[in-house]
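Input: a single structure, listed below in structure tokens.
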Ligand code: NAP
Ligand code: MG
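Residue numbers (this note's numbering): 384 to 870.
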């Protein structure tokens, strides 16, 4: 068999590099804050660097917003809310949201390339998942803007005012769409902060928002680290906090809003179980497991990071899984053949490696794809652990990387109790030929989403959110309108 020059293992075919061109992208060396429709220098004069995690090169300098800047942004959002946005006929509001959706589509290639450069994800995903879904969310919620009376029949609904929104680094543009689109459709104005390592597509979105002609101050986009997020949370004139991120920060935010009037939604961590029964279509299930945990380098809150295989088929499934892992291509995020891109940051790589070491120290057996990794940048081979126990750290804690913990089970009751045995409850997957088993399992799983014979399927019409320490409130679908309304 031919050897892939890039992979140094037999994949059975040769793949020439197929990098997506970067000629068509337009990046400035420096980005200021987008406040009140204007590019605004940070009051501290401070900028931080955002790097490409695949080669550690600096992409741009990014303004760091402090309390003063957040105050400016909130004031702009309040003024826009009171004077323009809350008074505008709903159908007019909808037109601006449609315009944003169309502009994202028009600039889809640029968005995808920049998302992959700034965050490390494979271009196949940013191109086929992140960007189309982001446009899809704007289209979907644009449609609701003038139909809220049909969404909530016989009820009077009112917007809340200014929404403060804080997002993580795993799906920057998509998370921004999940938050901005329903907020605007329901008549609220927005101050949103990107994560420190992935600010660029939000500032590209600011360009789109500018081009859409939406009145100044309706959407304000800022950047900075945790303190910037805290300044949004603690600002007295913010009516609603929407946060997606870690459970640790979610708890800090919940404590901060106690005793205030701020309505809150928290989308937090996860430790999803993917369950394969002996009657499942096994090849399809293996593909779903691969997609569930290695998609986006495992930087997915709903990643299927725990695999449960019914004992009678566990040897067979493990063999198929390892074979498939070996064919995964790890490398240049901009290459169209790449399955697994770069880990988002040096810090995150450190966290993942720490968990891998813990797994080995706890006596688990490790298997990794044998590919070589680039010299520069942050990389992790797809990794699988067997011989783990329910109490193992790698089974209980969110790793947020391409690391899968595999266990076996005999009965449906056993797997349900094992699957529910974590502090999280965001998502799960089940693979079986029997519909009755699916219904039995979904009704007993403590998870906000249960996928059956598929995994990581998203749609703007479908609500998303967790149980237990995975947070509360729903984003997406009709449910996603509620957190932005007084009903
Ligand atoms: P994170 O550390 O909690 O950060 C999330 C955001 O909060 C970032 O913008 C961060 O800024 C900001 N932040 C940090 N400290 C803050 C504070 N004290 N007050 C207000 N904001 C603060 O999470 P992450 O590492 O970026 O993302 C990974 C986590 O997100 C995982 O746990 C994952 O499961 C979760 N996630 C959940 C969902 C869901 O829908 N349930 C979706 C995606 C991700 P900096 O970036 O500057 O630190
Ligand atoms: Mg970056």
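Yeah, the Cβ is synthetic: ideal placement off N, Cα and C, and Gly gets one too.
Would you list the residues sitting across from residue 402 in a DSSP beta bridge?
-> Note: residue 402 sits in a beta bridge opposite 718.
Note down the Cα distance separating residue 859 from residue 606, rounded to an integer number of angstroms.
-> Those two C-alpha atoms are separated by around 24 Å.
Let me have the residue list for ligand 2: C-beta closer than 5 Å to any non-hydrogen atom, ordered along the chain.
-> Counting every residue whose Cβ lies closer than 5 Å to a heavy atom of ligand 2, we get 433, 501, 580.
In terms of DSSP beta bridges, what is residue 584 paired with?
-> Residue 584 pairs with nothing; no bridge assigned.
Please confirm if the segment 728-736 is in contact with the segment 815-832, defined as three or more CB-CB distances below 8 Å between the two stretches.
-> When C-beta atoms of the segment 728-736 are compared with those of the segment 815-832, fewer than three pairs fall below 8 Å, so the two segments do not count as touching.
Residue-chain proximity (residue 400, chain C), Cβ-Cβ < 8 Å | Within the model displayed, chain C is absent; a lone protein chain is all it includes.
How long is the line joining the alpha carbons of residue 416 and residue 604, rounded to whole angstroms?
-> For residue 416 and residue 604, the distance between alpha carbons rounds to 6 Å.
Using 8 Å as the Cβ pair cut-off and three pairs as the minimum, do the segment 612-626 and the segment 505-515 touch?
-> With contact defined as three or more Cβ pairs closer than 8 Å, the segment 612-626 and the segment 505-515 are not in contact.
Please go through the same chain and pick out, in chain order, the residues whose beta-carbon is closer than 6 Å to the beta-carbon of residue 704, but skip the five residues on each side of it.
-> Closer than 6 Å at Cβ, skipping near neighbours: 669.
Between residue 397 and residue 720, what straight-line distance do the alpha-carbon atoms span, to the nearest angstrom?
-> When only Cα atoms are considered, residue 397 and residue 720 end up about 11 Å apart.
Per-residue DSSP class, three states only, for residue 772 | Three-state DSSP puts residue 772 in coil, outside helix and strand.
Assuming residue 663 and residue 816 form a contact by the criterion Cβ under 8 Å, report the distance between their Cβ atoms to the nearest whole angstrom.
-> Yes, residue 663 and residue 816 are in contact; Cβ-Cβ is about 6 Å, under 8 Å.
Quick one: does the C-beta of residue 752 sit closer than 7 Å to a heavy atom of ligand 1?
-> For ligand 1, not one heavy atom lies less than 7 Å from the Cβ of residue 752.
Any non-hydrogen atom of ligand 1 within 7 Å of residue 762 CB | Ligand 1 has no heavy atom closer than 7 Å to the beta-carbon of residue 762.
With a Cβ-Cβ cutoff of 8 Å, do residue 407 and residue 493 count as a contact?
-> Going by C-beta atoms, residue 407 is nearer than 8 Å to residue 493.
Along the alpha helix (DSSP H) that carries residue 708, what are the first and last residues, could you check?
-> Run containing residue 708: 697-709, per the alpha helix (DSSP H) assignment.
Is residue 722 near residue 402, with beta carbons less than 8 Å apart?
-> Taking 8 Å as the Cβ cut-off, residue 722 and residue 402 do not qualify as a contacting pair.
Quick one: what's got a C-beta closer than 6 Å to residue 775's C-beta in the same chain, skipping five residues either side?
-> If we look at residue 775 and ignore the five residues flanking it on each side, its Cβ neighbours are 745.
C-alpha gap between residue 518 and residue 586, whole angstroms | Roughly 16 Å separates the two Cα atoms.
Closest by C-alpha distance to residue 478, when choosing among 443, 470, 568 | That would be 568, whose Cα lies nearest to the Cα of residue 478.
Counting only runs of 3+ residues fully inside the segment 561-632, write out the beta strand (DSSP E) ranges in chain order.
-> Taken in chain order, the unbroken stretches of beta strand (DSSP E) that lie wholly in the segment 561-632 and span 3 residues or more are 572-576, 602-605, 623-627.
Report yes if the C-beta distance between residue 813 and residue 658 is below 8 Å; otherwise report no.
-> Cβ atoms of residue 813 and residue 658: closer than 8 Å.
Whose C-alpha, out of 687, 787, 649, is nearest the C-alpha of residue 550?
-> With distances taken between Cα atoms, residue 550 lies closest to 649.
In the DSSP assignment, find the unbroken beta strand (DSSP E) run with residue 512 in it and report its ends.
-> Looking at the DSSP string, residue 512 is not in any beta strand (DSSP E), and its letter there is neither H nor E.
From the DSSP output, read off the bridge partner residues of residue 689.
-> In DSSP, residue 689 forms a bridge with 656, 788.
Starting from the Cα of residue 765, find the closest Cα among 782, 758, 771, 759 and give me that residue.
-> Measuring from the Cα of residue 765, the nearest candidate turns out to be 782.
Under the three-state DSSP convention, the category residue 385 falls into = At residue 385, the pLDDT of 37 sits below 50, so the modelled position is not reliable and the matter cannot be decided from this model.
Assign residue 490 to buried or exposed, taking buried as 16 or more other Cβ atoms, counted over all protein chains shown, within 10 Å of its Cβ.
-> Classification for residue 490: buried.
Say yes only if the C-beta of residue 563 is nearer than 7 Å to one or more non-hydrogen atoms of ligand 1, and no if none qualify.
-> For ligand 1, not one heavy atom lies less than 7 Å from the Cβ of residue 563.
Cβ contact (3+ pairs, closer than 8 Å) linking the segment 435-449 and the segment 587-602 | Verdict: no, contact absent.
Kindly examine ligand 1 and report whether one of its heavy atoms sits closer than 7 Å to the Cβ of residue 847.
-> In this structure, the C-beta of residue 847 approaches ligand 1 to less than 7 Å from one of its heavy atoms.
Three-state class that DSSP yields for residue 391 in the structure shown | At residue 391 the pLDDT is 47, less than 50, meaning the model places this residue with poor confidence; the figure from the coordinates comes in the next sentence. DSSP, reduced to helix, strand and coil, places residue 391 outside both helices and strands of the structure shown, so it counts as coil.
Over what stretch of residues does the beta strand (DSSP E) that includes residue 421 continue unbroken?
-> Residues 421-423.
Cα separation between residue 504 and residue 853?
-> The straight-line gap from Cα to Cα measures roughly 23 Å.
Within this structure, are the beta carbons of residue 727 and residue 838 separated by less than 8 Å?
-> No, these two residues do not count as a Cβ contact at 8 Å.
Could you pull out every residue in the same chain whose Cβ sits closer than 8 Å to the Cβ of residue 376, ignoring the five residues on either side in sequence?
-> Nothing can be reported for residue 376: it is not among the residues displayed for the chain, which extend from 384 to 870.
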